[in-house]
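In my numbering, the protein residues as written are 762 to 927.
Beta carbons are placed, not taken as given, at the ideal position from N, Cα and C, and that holds for glycine.
Here the structure is a predicted model, which is why all the values come from computation and not from measurement.
Structure representation (structure tokens):
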């Protein structure tokens with residue numbers, strides 16, 4: 762049985778961005794659970810979820826949070842699973858605050874961090890992590906990479922045709 766991915770967001774206002782991670786996980790056929798938990802408002806629940814994630818069948822955890830963005834760090838402190846942080850864009854500092862809070866973890870408590878609002882990349886990274894021990898997922902990833910490359914090659918060919926017609 763393949764592992765699941767937990768997707769946790771600090772606020773339901775993060776869902777419009779986080780939804781692209783869920784869409785990407787579905788594309789690869791990866792089961793997920795999506796929850797709202799706060800490092801500051803529901804710390805006990807976040808810690809309990811993280812500490813039981815492995816035994817509950819999860820293989821990776823994605824955490825989306827803005828501003829102080831402590832969620833991924835709190836979760837990482839309570840699990841041995843890989844944690845991927847999505848720093849969320851905010852009005853005050855455009856997400857730079859969340860980016861720095863997510864990426865600047867102390868030694869021994871790593872959080873893989875994608876770009877600001879980078880939910881799709883967080884999902885792809887989680888799938889890549891699961892694919893280390895899942896050949897079916899690895900094949901799906903390889904096919905997607907080939908499709909992306911083919912798309913770029915086709916765009917270049919079309920560009921070269923436009924340039925030749927000048």
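Strictly by DSSP, which residues pair up with residue i?
i, result
"residue 793", "766"
"residue 826", "848"
For residue i, name the three-state secondary structure that DSSP assigns.
i, result
"residue 893", "coil"
"residue 846", "strand"
"residue 820", "strand"
"residue 784", "helix"
"residue 900", "helix"
"residue 873", "strand"
"residue 866", "coil"
"residue 855", "coil"
"residue 884", "helix"
"residue 775", "helix"
"residue 812", "helix"
Of all the options the options, which has the alpha carbon lying nearest to the alpha carbon of residue i?
i, options, result
"residue 862", "839, 804, 824 and 907", "824"
"residue 838", "880, 804, 893 and 884", "804"
"residue 871", "835, 909 and 912", "835"
"residue 764", "792, 920 and 810", "792"
"residue 827", "858, 786, 926 and 908", "858"
"residue 832", "775, 909, 913 and 784", "775"
"residue 880", "773, 894, 849 and 905", "849"
"residue 785", "777, 851, 866 and 884", "884"
"residue 853", "864, 842 and 829", "829"
What whole-angstrom Cβ distance do residue i and residue j have, given they're in contact under 8 Å?
i, j, result
"residue 769", "residue 845", "Incorrect: roughly 11 Å between the Cβ atoms, too far for contact."
"residue 891", "residue 873", "No, residue 891 and residue 873 are not in contact; Cβ-Cβ is about 13 Å, not under 8 Å."
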